[in-house]
Structures are given as structure tokens and as C-alpha cells.
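Asks: Each residue of the sequence shown is one higher than the last, beginning at 98 in the numbering used here.
The following block contains the structure, expressed as C-alpha cells.
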Amino acid sequence: MRRTKVADAVRAEAPADAVLIQGWVRTRRSSKGVHFLELNDGSGPETLQVVVDADLSGAGEVEQSATGAAVSVEGALVESPGRGQTWELQAREVRLLGAADPEVYPLQKKRHSDEFLRSIAHLRFRSNKYGAVSRVRSTAALAVHDFFRERDFYCLHTPILTASDCEGAGELFKVTAQDPERIAEKGYSPEEDFFGKRTYLTVSGQLAAEAAACGLGQVYTFGPAFRAEDSNTPRHAAEFWMVEPEVAFAGLGEIVDLAGELLVFITGRVLSERGPDIDLLSRFAETDLSRRLESVRDQGLHRLEYGEAVRILEQSEREWTYPVFFGADLQTEHERYLAEEHFRSPVAVLNYPREIKPFYMRENEDERTVAGFDVLLPAVGEIVGGSQREERLEVLQRRMREMGIDPADYEWYLDLRRYGSAPHAGFGLGFERLVMFLTGVGNIRDAIPFPRASGQLEY
Ligand code: 4AD
Ligand code: MG
């Protein structure tokens, strides 16, 4: 018999005589010769009530089916006389697949702290909250692919091992095939290492995506990025996933539009496919999660110039920890003020001072700013960073030198400007920050299954 999913069983349209349910016991109680099991199988946040008569053969197995055990139950799906559920399963056969010792099984309580659940990341998929976060994450990931597929983008796989520092921020993990002992003894010489040069884990797939876009037209990459940032904040992970589209013949306006459409598309998809999970997550979140998501789906992005953002912050009469002036990089406190309090919606900030942005952003006519943008979200802050790319060879070379980058290391990237250079633009969306926004979780470590941060590498 094929397994019926709990999410389908609880929404059945009619009773069914022979149903097979397999899942993990959330709770078990017994009264007057009857056992009640609440089963969840990960198909949704719902549980199905299973009723087992104490004199059923195999009911002995139920005695061991405490919270956490894996069980298999066959029986009839019938209307439930009890309150709180429409259907229940009247068991004919119960099998214990795997017991869980109630003395030591960690997930006994209904509600555990995020910190505790993080310490048992391998088991938290079975908790209410992380089950829901995981399902929303999956729906959002598939929505990314659907979004680009609908628009005829090519899906591109960019390298994870790389020789270049795309962001020029020096937050690279160094990769070597040499033993630390050998390095300690003989010193490190890149020439003798595996690739014959210094090697890193990628911080972004952008440079490779630019090459692909300048040939394929429009591409996106959705892959892992690695940053050895020591900032132990609730918004930074050492390993995270990024969605990076790159579009030939596009300028700043078009690429900002694309970022807004992507955000609206994913939010809409999560609302329509993950309603029960969003309802559950709303109970954990500080704000009305579904209202917030609906308003993003319906309103999209608000846009403003960087200069305007600075004026709003200066006039806000707030005491900022980091000072605000034209030329200052916006900090999380500023980003959240703009998105959360001033505009109460996602905001795209355009045309930043060139000093605070990477070498590849296109210099504007005013020679003070670059055609770059960030998207800021309520509760999360920066979620997207992107720009029109500098397609003029000489300007790009000058910018690289100004920023202490040797153009000789980027000959292939400069070739894109030597042969058929075309205007193009792209952005990177931090996928975990998106998941934080979609689920209301306040810490990035709860938006990725197995988080990696400075000093933390379990699993
Ligand atoms: O703004 P960033 O650094 O931009 C880039 O890497 C560009 N090369 C992207 C591009 O244009 N193709 O990073 C993009 C986004 C940020 O807005 C943020 O959401 C996320 O990536 N991000 C991080 N997320 C989690 N942990 C970190 N340490 C992150 N660093 C950046
Ligand atoms: Mg950025």
C-alpha cells in the first residue's frame, strides 16, 4: 500500500477504509483502554490523530511509541468525534519502526528555545518551527528557478574554487591541498600548491556570470558563497547561498525592476503554497508575518536615491551609533530604519558614492557615484546588492588601480571589455536573508539547515 501523507490525510474529502500513514510521534496519551498518537511526517505542520485500541494485536508496540518514535500505521480514515480535528485514523495494524528513549530524546517539550534547537540541528527538522522554515525555504528555492525559467534565463553553475576576490573585501577562505604540517615546516609557496597559485572559496559567482551573460544574454546562478567575516551578527553566515542574475544590455533601472519582481514572485509563491506554515510561523514571529508578506507581494519596491536616503536619516532625529553623512556606508540600523519605520516596505537605494562600493560598479556621469543599488527589507536590512557593470575598459582599469587591485590578475574579465563590450547589469540576493524575511526568524543560523559561523562548524 502506498503511504498517504499526513498533510493530505488531514484535508481528505471523504473517509477511506485502507490508509497507510508513516511518521514520527509528536505525543502519545492513553485513556480507558485507548491510545492516542499524534503523528507528523514532515509533509506539513499538521499532525494526524491515530486511535489504537489497547486490545489490538501489536498495541504492545504502541507502549514503546513515545514522543520521537517512528511508526507505521494502517487503518481507516474516519471522521473524528474529538475536537480540534476533522479526521482521525482508526488503527488496524501498528508497527514500531524505530523507538526513541523518552529518558534521553531531546525534543520532549512543545516549545524549545532557538538556541537549544540550534545545538541539535540534526533533530530540529522534526520541530514545528524548523519543519516550517525548511518547507518555506524549499518553496522559495524552487520559486527562484521558476521565476527565471519563465523569463528565459539560463541556469548557470559558477565555480566554487576560484583565484579571484570578486568583492575585493579580503574576506576569503584560503584553500590549499598542502598539509598544514608541511606549510609550517617549509613555508607556503602557492606555486607548489595544487593549482600553482593562491586559491579561495568563492564569495560570489558574479564575475563568471558576467562572462556567461556576455554571450548567452541572460543567466542566473544560485549557489553557495563563503565569507570569512568575523562579524558574529544575526545576519552574517560564513557559508550562505546567493541568487545572482546577470543581464546583457540592461541598465540600473531594469535590474532594479528585476530584483523587485523576483521578491514579489517568491513572496507570492510562498503565501499561496505554504499558508499553513506561514500561519504557524506567525505565532513565533514578532510581527504579523502574513500581513507583512502580503504587503510586499502587493506593493513591491519603493525606490530612492542614496542622497535622499542620507537626508531622511539626517532628519530623523535619531541617535545613530554610526554617523550619517554623504559618503558613509549605510549600516543595519540605517537600513532597518528606512525599510521598517520610514517607508514600511522594501526599499531600493540607488547610486551610492563610489568609494564605498566595489570596482566593478559603473561610474556615473557625476564621477562621485556608481550605478549600484541595495534592496533593504523590514526586519532584515540589506538583502540584495547589485549594479550596472563598468563596461568601459579604461574606466574599469583605473577603478581597479584606485582600489588596489592589480588589473593583470583579471585579464579574462577585462577581455569582456576588449571584445564586443556590452552594457550589462546584475545583482546578488542573499538567500538566507530572504528566508529570514519569509519566515520571521531573527537569526540567520535558523534560516539555513546547518549553519557555519566563526567558531562554529558542527556536522
Ligand atoms: O552585496 P554583496 O556583497 O554583493 C555581491 O556579492 C555581488 N557580487 C552580487 C552580484 O552583484 N552578483 O552580497 C549580495 C547579498 C547581500 O545583499 C546579502 O543579502 C548577502 O548577499 N550576503 C550575505 N548573507 C549572509 N551572510 C553573509 N556573510 C553575507 N554577505 C552577503
Ligand atoms: Mg552588499
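Backbone N, C-alpha and C fix where the C-beta goes; we use that ideal spot for every residue, glycine too.
Only a predicted model underlies this, so the values are computations on that prediction, with no experimental measurement involved.
For ligand 1, any of its heavy atoms closer than 7 Å to the Cβ of residue 526?
Replies: Yes, the Cβ of residue 526 comes within 7 Å of a heavy atom of ligand 1.
Asks: Can you list the residues near ligand 2, meaning Cβ strictly closer than 7 Å to any non-hydrogen atom, in the order they appear in the chain?
Replies: Those residues, listed in chain order, are 471, 479 and 482.
Asks: Output yes or no for whether 8 Å exceeds the beta carbon distance between residue 422 and residue 446.
Replies: Going by C-beta atoms, residue 422 is not nearer than 8 Å to residue 446.
Asks: Give the DSSP-derived three-state secondary structure of residue 262 in the structure shown.
Replies: In this structure, residue 262 counts as coil in the three-state DSSP scheme.
Asks: Given the structure, does residue 263 come close to ligand 1, in the sense that its CB is under 7 Å from one of the ligand's heavy atoms?
Replies: Yes, the beta carbon of residue 263 sits closer than 7 Å to at least one heavy atom of ligand 1.
Asks: For the alpha helix (DSSP H) containing residue 396, list its first residue and its last residue.
Replies: Per DSSP, residue 396 belongs to the alpha helix (DSSP H) from 386-396.
Asks: Less than 8 Å between the C-beta atoms of residue 541 and residue 333, yes or no?
Replies: Contact: yes.
Asks: Would you check whether ligand 3 has a heavy atom nearer than 7 Å to the C-beta of residue 301?
Replies: As far as ligands go, the structure on display features ligand 1 and ligand 2 and does not contain ligand 3.
Asks: Looking at the structure shown, is residue 442 part of a helix, part of a strand, or coil, going by DSSP?
Replies: Note: residue 442 maps to coil in three-state DSSP.
Asks: Does residue 201 come out as helix, strand or coil in the three-state DSSP assignment?
Replies: Residue 201 falls in the coil class under three-state DSSP.
Asks: Could you tell me which uninterrupted beta strand (DSSP E) segments, each at least 3 residues in length, are contained entirely in the region 516-542, listed from first to last along the chain?
Replies: Correct list: 521-527.
Asks: Under the criterion of a Cβ to heavy atom distance below 7 Å, does residue 254 qualify as lining ligand 1?
Replies: Flag unset: Cβ of residue 254 not near ligand 1.
Asks: Less than 6 Å between C-beta atoms, sequence neighbours within five positions excluded: which residues of the same chain meet that for residue 464?
Replies: Same-chain partners within the cutoff: there are none.
Asks: Quick check for students: name the residue ranges of the beta strand (DSSP E) that lie wholly in the region 358-384, counting only runs of 3 or more.
Replies: Segments of the beta strand (DSSP E) lying fully in the region 358-384: there are none.
Asks: Quick check on this structure: which residue in 268, 293, 99 and 262 has the alpha carbon closest to the alpha carbon of residue 274?
Replies: Out of 268, 293, 99 and 262, 293 has the C-alpha closest to the C-alpha of residue 274.
Asks: At 4 residues or longer, what runs of the alpha helix (DSSP H) sit wholly inside the region 255-317?
Replies: You should have 277-283 and 303-313.
Asks: With which residues is residue 132 paired in a DSSP beta bridge?
Replies: Answer by DSSP bridge pairing, in chain order: 127 and 149.
Asks: Given a cut-off of 8 Å, decide if residue 149 and residue 156 are closer than it, judged by their beta-carbon atoms.
Replies: Closer than 8 Å, so yes.
Asks: Three-state secondary structure (DSSP) at residue 448?
Replies: If DSSP states are grouped into helix, strand and coil, residue 448 belongs with the strands.
Asks: In the DSSP output, which residue or residues are listed as bridge partners for residue 338?
Replies: According to DSSP, residue 338 bridges with 321.
Asks: Quick one: what does DSSP say residue 497 is sitting in, helix, strand or coil?
Replies: The answer is helix: DSSP assigns residue 497 an H, G or I state.
Asks: Is the region 340-359 touching the region 520-528, taking contact as three or more C-beta pairs under 8 Å?
Replies: Output reads yes: the region 520-528 touches the region 340-359.
Asks: Around the Cβ of residue 315, are there at least 16 other Cβ atoms within 10 angstroms (buried) or fewer (exposed)?
Replies: Label assigned to residue 315: buried.
Asks: Taking Cβ positions, are residue 183 and residue 124 nearer each other than 8 Å?
Replies: No.
Asks: What is the DSSP secondary structure of residue 216, counted as helix, strand or coil?
Replies: The answer is helix: DSSP assigns residue 216 an H, G or I state.
Asks: For residue 100 versus residue 119, is the C-beta distance shorter than 8 Å?
Replies: Yes, Cβ-Cβ distance for residue 100 and residue 119 is below 8 Å.
Asks: My understanding is that residue 304 touches residue 261, with C-beta atoms under 8 Å, so please give their C-beta distance in whole angstroms.
Replies: Sure, about 6 Å apart at Cβ, within 8 Å.
Asks: If you follow the beta strand (DSSP E) that residue 463 is part of, which residue opens it and which one closes it?
Replies: Here residue 463 belongs to no beta strand (DSSP E), and DSSP marks it neither H nor E.
Asks: In this structure, what does DSSP give as the bridge partners for residue 184?
Replies: Paired residue(s): 176.
Asks: Based on Cα-Cα distance, which residue from 437, 369, 284 and 126 lies nearest to residue 232?
Replies: The option with the nearest alpha carbon to residue 232 is 369.
Asks: Assign residue 509 to one of three DSSP states: helix, strand, or coil.
Replies: It is helical.
Asks: Between the alpha carbons of residue 475 and residue 532, how many angstroms are there, rounded?
Replies: Roughly 13 Å between the two C-alpha positions.
Asks: Grouping DSSP H, G and I as helix and E and B as strand, with all else coil, what is residue 471?
Replies: Strand, per DSSP.
Asks: State the Cα-Cα distance for the pair residue 105 and residue 538, rounded to the nearest angstrom.
Replies: Distance between the alpha carbons of residue 105 and residue 538 is about 27 Å.
Asks: Closest by CA to residue 137, which one among 102, 381, 306 and 481?
Replies: Comparing Cα-Cα distances from residue 137 to each of 102, 381, 306 and 481, the minimum goes to 102.
Asks: Cβ of residue 506 less than 8 Å from any chain B Cβ?
Replies: Among the protein chains of the structure shown there is no chain B, as only one such chain exists.
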